[in-house]
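Trainee: Here you go, one structure.
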Amino acid sequence: MSPTCSHMPGERALHRGNAPVEDYGRTAMTGFDFDSPTVEWLRSRGTARWEDVAEGVIPLWVAEMDFRVAPPIQQAIEDMVAKHAYGYPRDNGLRHSWAAWTKKVQGLTVDPLKVRYLRNVLSGVQLAIRTYSAPGSPVIVPSPAYMPFWKVPGLEGREIISVPMVDSDLGWTLDLDGIDAAFTKGAGSIILCQPYNPLGRVFTADELRGLAGVVERHHGFVISDEIHGPLVPACEKRKASVPYASVSEQAAAHSVLVSSASKSFNIPGLMTAFISLFTDEQVKLWDQKVHPLDAEGATTIGMAANKAAFDSGQEWLDAANCYIHDNAVWLSETLADQLPGVSYRIPEGTYLGWLDFSAYELPASPGEWLLRHARIRLNDGPTFGPGGEGHARINFATPRYLLEEAVDRMISAINDR
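Residue numbering for the sequence shown is 7 to 423, as defined by my numbering.
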């Protein structure tokens with residue numbers, strides 16, 4: 007373990023090294039060093055992930071990375087700052103960069119002229135509910151689900167029909183019969199998360215085709231949040247999730263894709279996203295029903311950073327996905343050895359792990375218990391809705407020394423309770 011001194015009773019310090027902030031610490035294997043960020047530097051950035059916890063608490067909750075961004079992204083931002091480019095944004099070609107990236111990496115054909123810019127993915131989800139489903143029709147949300155999915159439909163006056171995910175020997179799967187029943191009850195749309203936050207599933211093309219068949223029978227609509235799409239951790243071979251719209255013409259015709267470089271390239275604070283539309287009718291409805299004041303909000307610097315990510319960030323992303331994969335495997339092996347009662351599957355996508363503490367009879371909100379007794383902050387399972395009781399979500403896109411210290415604290419707290 008890297009920390010060598012103590013600044014709190016009974017805790018090893020989180021300080022690590024004196025590497026300069028601007029030093030990327032190049033390594034022979036990947037060309038990037040994801041181990042070097044220090045706690046002092048991470049706290050100095052003033053982000054909610056670190057500022058909203060007490061000193062000495064290890065924050066593995068908010069879905070962002072504890073890594074420096076890809077050099078091309080940093081350079082693009084610095085270039086904009088040097089030019090004092092703080093005015094209203096114009097189309098800088100981001101939609102073309104996104105279309106080229108998703109075609110090359112994911113095999114999805116996107117017409118750049120059918121892409122619309124947004125301030126964030128959730129605004130796209132809300133506007134898609136408004137635009138592509140009947141007023142008042144319920145929205146299907148598989149559960150457990152990303153926390154804001156429980157709030158967004160209500161902003162459009164919609165009820166939610168929760169359909170629990172199925173925990174099988176094959177992993178978490180969509181309950182197609184439950185989704186079929188929800189559409190039969192009058193639901194007009196479903197929010198899909200691919201890859202799935204918080205469970206880490208990356209649905210296969212066959213699974214998505216199965217969903218498409220159900221949606222098509224009911225003339226429903228799919229709002230596919232694919233912000234984690236590039237985050238399919240692996241080292242040997244580049245991987246990416248299967249876009250819902252890529253599995254068939256029918257799937258594309260009854261869906262939209264909402265995404266951003268923000269999660270996969272670690273720039274969530276720059277407030278830029280986009281929605282990909284796939285038919286002329288979708289474009290017509292969007293342009294008729296969505297007022298510019300509702301959709302505007304993408305930032306000048308955010309658009310520049312997103313474009314740099316898709317144009318020039320792949321080498322960094324591949325290295326980050328490999329590092330995250332190694333962290334996920336280490337976490338699995340350590341829990342199996344030291345806390346075998348914690349149920350955890352290595353996620354197929356995202357940098358988020360879903361931990362089941364039920365065997366240890368912790369409170370229904372284990373995240374709160376771990377914050378008090380282990381001084382680590384995870385996302386509490388109940389905040390993800392039905393099925394979250396007894397669970398917590400851990401973010402392992404962090405330097406290994408921090409992950410090791412957090413897991414050491416978790417092991418000690420549970421064993422000493």
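All residues carry an ideal CB built from backbone N, CA and C; glycine is no exception.
Note that the structure is predicted; figures quoted are calculated from it, not measured.
With three or more C-beta pairs closer than 8 Å as the rule, is the region 209 to 223 touching the region 126 to 135?
Mentor: Judged by Cβ distances under 8 Å, the region 126 to 135 makes no contact with the region 209 to 223, as fewer than three pairs qualify.
Trainee: Here's the rule: buried if 16 or more other CB atoms are within 10 angstroms of the residue's CB, otherwise exposed. What is Leu176?
Mentor: Leu176 is exposed by the Cβ-count criterion.
Trainee: Please report how far the alpha carbon of Ser338 lies from the alpha carbon of Met416, in whole angstroms.
Mentor: The alpha-carbon atoms of Ser338 and Met416 are separated by roughly 14 Å.
Trainee: Output yes or no for whether 8 Å exceeds the beta carbon distance between Ser266 and Phe280.
Mentor: Closer than 8 Å, so yes.
Trainee: By how many angstroms is the C-alpha of Ile167 removed from the C-alpha of Glu410?
Mentor: So the alpha carbons of these two residues sit roughly 39 Å apart.
Trainee: Where does the unbroken beta strand (DSSP E) through Cys199 begin, and where does it stop?
Mentor: Start and end: Ser195 to Cys199.
Trainee: Thinking just about the alpha-carbon of each residue, which of Glu242, Asp231 and Ser195 is nearest to the one in His224?
Mentor: The shortest C-alpha separation from His224 is found at Ser195.
Trainee: For Ile120 and Pro346, I'd like the C-alpha separation in whole angstroms.
Mentor: Just to set this straight, residue 120 is Lys in the shown sequence, not Ile. Approximately 49 Å between the Cα atoms of the pair.
Trainee: Just tell me which of Leu323, His331 and Ala325 has its CA closest to the CA of Leu401.
Mentor: The question names Leu, but residue 401 is Asn in the sequence shown. If we check each option's Cα against that of Asn401, His331 comes out closest.
Trainee: Helix, strand or coil for Arg207? Go by DSSP, reduced to three states.
Mentor: Correct three-state label for Arg207: coil.
Trainee: Identify whether Ile382 lies in helix, strand or coil by the three-state DSSP scheme.
Mentor: In the structure shown, Ile382 sits in a strand (DSSP, three-state: E or B).
Trainee: What are the complete beta strand (DSSP E) segments, minimum 3 residues, inside the region 173 to 197?
Mentor: Those beta strand (DSSP E) runs which fall completely within the region 173 to 197 and span 3+ residues are 177 to 179.
Trainee: Here's the rule: buried if 16 or more other CB atoms are within 10 angstroms of the residue's CB, otherwise exposed. What is Met35?
Mentor: Because the pLDDT at Met35 is just 49, under 50, the model does not fix this residue reliably, and the value given afterwards should be weighed accordingly. With fewer than 16 other Cβ atoms within 10 Å, it is exposed.
Trainee: What do you get for Tyr123, buried or exposed, if any count of 16 or more other CB atoms within 10 angstroms of its CB means buried?
Mentor: When all chains shown are included, Tyr123 counts as buried.
Trainee: Does Phe155 come out as helix, strand or coil in the three-state DSSP assignment?
Mentor: In the structure shown, Phe155 sits in a helix (DSSP, three-state: H, G or I).
Trainee: Quick check on Glu28: does DSSP put it in helix, strand or coil?
Mentor: Because Glu28 sits at a pLDDT of 38, beneath the cut-off of 50, its placement in the model cannot be relied upon, and the following sentence gives the value as read from the coordinates. Coil, per DSSP.
Trainee: In whole angstroms, what separates the C-alpha of Val145 from that of Phe284?
Mentor: Computed Cα separation, rounded: 21 Å.
Trainee: With distances taken Cα to Cα, identify the nearest neighbour of Gly184 among Val220, Leu263 and Val59.
Mentor: Nearest of Val220, Leu263 and Val59 to Gly184, Cα basis: Val220.
Trainee: Report yes if the CB atom of Trp47 is closer than 8 Å to the CB atom of Asn385, and no otherwise.
Mentor: No. Outside cutoff.
Trainee: Excluding the five sequence neighbours on either side, which residues of its own chain have a C-beta within less than 8 Å of the C-beta of Trp156, listed in chain order?
Mentor: Same-chain partners within the cutoff: Val147, Ile166 and Gly391.
Trainee: Report the three-state DSSP secondary structure of Arg399 (helix, strand or coil).
Mentor: Correct three-state label for Arg399: strand.
Trainee: Take Ser418 and list the residues in its own chain whose beta-carbon comes closer than 6 Å to its own, dropping the five residues that flank it on each side.
Mentor: For Ser418, where only same-chain residues beyond five positions count, there are no Cβ hits under 6 Å.
Trainee: Quick one: residues in its chain with C-beta nearer than 7 Å to the C-beta of Val59, no 5 flanking neighbours on either side, listed in chain order?
Mentor: Correct list, in chain order: Pro65 and Arg383.
Trainee: Unbroken beta strand (DSSP E) runs of length 3 or more, entirely within the region 269 to 322: which are they?
Mentor: Taking only runs of at least 3 residues, the beta strand (DSSP E) segments lying wholly in the region 269 to 322 are 279 to 282.
Trainee: Determine which residues share a DSSP beta bridge with Tyr123 and list them.
Mentor: Its beta-bridge partners are Phe280.
Trainee: Are there three or more Cβ pairs, one per stretch, closer than 8 Å when the region 199 to 206 is compared with the region 350 to 357?
Mentor: Yes, since at least three Cβ pairs between the region 199 to 206 and the region 350 to 357 fall closer than 8 Å, the two stretches touch.
Trainee: Does the beta-carbon distance from Pro150 to Gly393 come in below 8 Å?
Mentor: Yes. Within cutoff.
Trainee: Less than 8 Å between C-beta atoms, sequence neighbours within five positions excluded: which residues of the same chain meet that for Asp41?
Mentor: Excluding residues within five positions, the ones whose Cβ falls inside 8 Å are Gly31, Pro405, Arg406 and Tyr407.
Trainee: Can Thr306 and Tyr152 be called in contact, C-beta distance under 8 Å?
Mentor: Taking 8 Å as the Cβ cut-off, Thr306 and Tyr152 do not qualify as a contacting pair.
Trainee: Taking 6 Å as the limit between beta carbons, can you name the residues of its chain near Ile197, skipping five residues before and five after?
Mentor: Result list for Ile197: Val147, Phe155 and Ile229, in chain order.
Trainee: Under 7 Å Cβ to Cβ from Leu341, same chain only, skipping five residues before and after it: list those, please.
Mentor: If we look at Leu341 and ignore the five residues flanking it on each side, its Cβ neighbours are Val348 and Tyr350.
Trainee: Does DSSP classify Trp360 as helix, strand or coil?
Mentor: Residue state, collapsed to three classes: strand.
Trainee: Report the partner residues of Val264 according to the DSSP bridge assignment.
Mentor: Bridge partners of Val264: Asp231 and Ile281.
Trainee: Taking only beta-carbon positions, decide if Leu182 is within less than 8 Å of chain C.
Mentor: The question asks about chain C, but that chain is absent: this structure has only one protein chain.
Trainee: Of the choices Arg399, Gln81, Ala380 and Asp414, whose alpha-carbon is the least far from that of Ala69?
Mentor: Answer by Cα proximity: Arg399.
Trainee: Just to confirm, does Leu124 get its C-beta within under 7 Å of one of the non-hydrogen atoms of the ligand NAP?
Mentor: This structure lacks the ligand NAP, and indeed carries no ligand of any kind.
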